[in-house]
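For reference, the structure is listed below as structure tokens.
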Amino acid sequence: MVTVEADLVHVESRLASGQMDCPSCPDGVLACWGFARVRRVHGVTGPVRPRRARCRSCRVTHVLLPVMALLRRGYGAQTIWNALVLRSRGWGHRRIAENLGVPASTVRGWLRRVTGRVESMRAWFLQVAVGTGIDVAIPDGSGCGWSDLVAAIATAAAAIGARFGPAVVLGVMTPPLVMVAVSGGRLLAPCWPPAARRI
Ligand SMILES: [Zn+2]
């Protein structure tokens with residue numbers, strides 16, 4: 003699975019011109035290899051039909067998941083980001099669910115996933131911020147793990163925006179997009195931290 007920009011025309015042109023590196027081998031380049039199954043992502047207009055690509059060297063196939071979707075999650079990154087922000091304000095999962103129009107059990111699932119890894123996720127995003135940005139100001143801890151996590155993701159987004167300009171290859175760098183891009187879509191996956199990935 004490779005996270006790609008939402009602009010599918012750009013994805014096609016990068017694939018066609020051999021500009022997409024294979025994440026499975028050192029020198030491989032990805033080429034078009036059909037499409038993965040169509041999926042609907044709440045909060046994203048229209049069905050998402052991810053491109054499938056195959057490495058010209060190692061022959062491994064990869065699904066190119068648009069950056070606005072998290073792996074195996076039926077909701078867009080923006081919705082999940084909104085839930086994190088509301089949680090950082092002290093909201094419980096039921097109130098968040100009602101506000102976002104998402105089933106309470108779904109929101110509870112997201113928050114449970116993050117609860118055990120709030121601190122390691124914060125450290126991960128700060129590491130991205132420091133590794134990417136120039137003179138990044140690390141936000142002070144607020145005493146609330148959720149607020150600190152939200153601040154860390156925002157800091158990473160600002161650092162990437164400052165380094166590469168607001169519109170980098172994945173599109174305009176908002177916190178939800180950074181959340182997906184730097185975790186390779188695995189923000190809420192069972193294993194954390196995700197394997198290092200190229201943005
Ligand atoms: Zn390869």
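Counting from 1 along the sequence shown, just add 2 to a position and that's the residue number in my numbering.
For glycine and all other residues, C-beta sits at the position ideal for the given N, C-alpha and C.
Bounding residues of the beta strand (DSSP E) (the contiguous stretch that carries residue i)
i      : result
Pro68  : Thr63 to Pro68
Trp202 : This structure cannot speak to residue 202, because the chain is shown only from 3 to 201.
Val50  : Where Val50 is concerned, there is no enclosing beta strand (DSSP E), given that its DSSP letter is neither H nor E.
Range of the contiguous alpha helix (DSSP H) that encloses residue i
i      : result
Arg190 : Before going further, note that residue 190 is Leu rather than Arg in the sequence given. Element bounds for Leu190: n/a, residue is neither H nor E.
Arg114 : Ala106 to Thr117
Thr240 : What the structure shows of the chain is the stretch from 3 to 201, and residue 240 is not part of that stretch, so it cannot be assessed.
Val13  : Leu10 to Ala18
Nearest candidate by alpha-carbon position, reference residue i, set the options
i      : options                           : result
Leu179 : Thr81, Ala55 and Leu128           : Thr81
Gln129 : Val184, Val6 and Pro68            : Val184
Ser144 : Val138, Gly135 and Ala154         : Ala154
Phe37  : Cys27, Pro52, Asp137 and Val31    : Pro52
Trp228 : Ala158, Gly135, Met123 and Val138 : Absent from the model: residue 228. The displayed extent of the chain is 3 to 201, so no value can be given.
Cys24  : Val6, Gly103 and Arg39            : Val6
Leu190 : Pro68, Thr63 and Leu86            : Leu86
Arg58  : Cys193, Val31, Pro195 and Ile162  : Val31
Cys146 : Val40, Asp29 and Trp93            : Trp93
Ile162 : Thr176, Arg56, Val11 and Leu151   : Thr176
Pro192 : Arg54, Thr117 and Ser107          : Thr117
Val182 : Ser90, Gln21, Cys60 and Tyr77     : Tyr77
Gly187 : Ala106, Gly103 and Ala79          : Ala79
Any non-hydrogen atom of ligand 1 within 7 Å of residue i CB
i     : result
Cys34 : no
Ser15 : no
Beta carbon nearer than 6 Å to a non-hydrogen atom of ligand 1: Cys24, Ser26, Cys27, Gly30, Cys57, Ser59, Cys60 and Val62
Segments assigned alpha helix (DSSP H), at least 4 residues, entirely inside the segment 129-159: none
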